[in-house]
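Residue numbers (my numbering): 436 to 578. We put the CB at the ideal spot given by N, CA and C, even for glycine. Given the structure is predicted, the values throughout are model-derived calculations rather than measurements.
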């Protein structure tokens, strides 16, 4: 009886651990989000280009909508620049080759000589294309 209880307890603990561990695809998406964040912070244009789909639609909290070319150009020219940039409280929902990502966007944006605190929410849509996760949509909104 004691061995049976131990076995059942072990199996329950193992099952709980397996359920708590993120799926490999979820980890891949989280890594892609992190790489995009770092590329934006450090103006890594080749990385930004590699992580975004050609049909990207990038929405700002102001209502401004950009395509891939305009989004990357703003980072490259410094029109969109950051002293710090961090995504917080992230959730990832997978549906086949699509990932829905929500997080809090916390940054110190650089506007000319000013540092502007920026606290907004983001909704991102990532799609697996040719074995890689690419950002196809992003919408920021004020909370």
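Alpha carbon of residue 524 to alpha carbon of residue 531, nearest angstrom: Approximately 23 Å, taken between the alpha carbons.
Exposed unless 16 or more other CB atoms sit within 10 angstroms - verdict on residue 567: Under this definition residue 567 is an exposed residue.
Of the residues 558, 516, 573, the one placed nearest residue 551, counting alpha carbons only: Selected option, being the one with the closest Cα: 516.
With 16 other Cβ atoms within 10 Å as the buried cut-off, status of residue 467: With 16 or more Cβ atoms within 10 Å of its Cβ, residue 467 is classed as buried.
Residue interval of the beta strand (DSSP E) (run including residue 492): Counting along the chain, the beta strand (DSSP E) containing residue 492 begins and ends at 487-494.
For residue 548, the first and last residue of its enclosing alpha helix (DSSP H): Counted as a single uninterrupted DSSP element, the stretch harbouring residue 548 is not any alpha helix (DSSP H), since DSSP gives it neither H nor E.
Euclidean distance between Cα positions of residue 449 and residue 526: Note that residue 449 scores 48 on pLDDT, short of 50, meaning its location in the model is unreliable; the coordinates nonetheless yield the value given after this. Each residue's alpha carbon lies about 24 Å from the other.
Start-end ranges of the beta strand (DSSP E) lying completely within the stretch 492-578, minimum 3 residues: Those beta strand (DSSP E) runs which fall completely within the stretch 492-578 and span 3+ residues are 516-530, 533-546, 549-564, 567-576.
Length of the line joining the Cα atoms of residue 493 and residue 560: Whole-angstrom Cα-Cα distance: 10 Å.
Selected residue, minimal CA-CA separation from residue 512, among 537, 522, 479, 499: A check of alpha carbon separations from residue 512 across 537, 522, 479, 499 identifies 479 as the nearest.
Residue 460 in three-state terms, based on DSSP: In this structure, residue 460 counts as helix in the three-state DSSP scheme.
Residue nearest to residue 576 in terms of C-alpha spacing, selected from 563, 554, 565: Closest option to residue 576, Cα to Cα, is 554.
Residues near residue 506 by beta carbon distance below 6 Å, same chain, minus five either side: Correct list, in chain order: 493.
Residue 501 to residue 509 span [Cα, whole Å]: When rounded, the distance between both Cα atoms is 10 Å.
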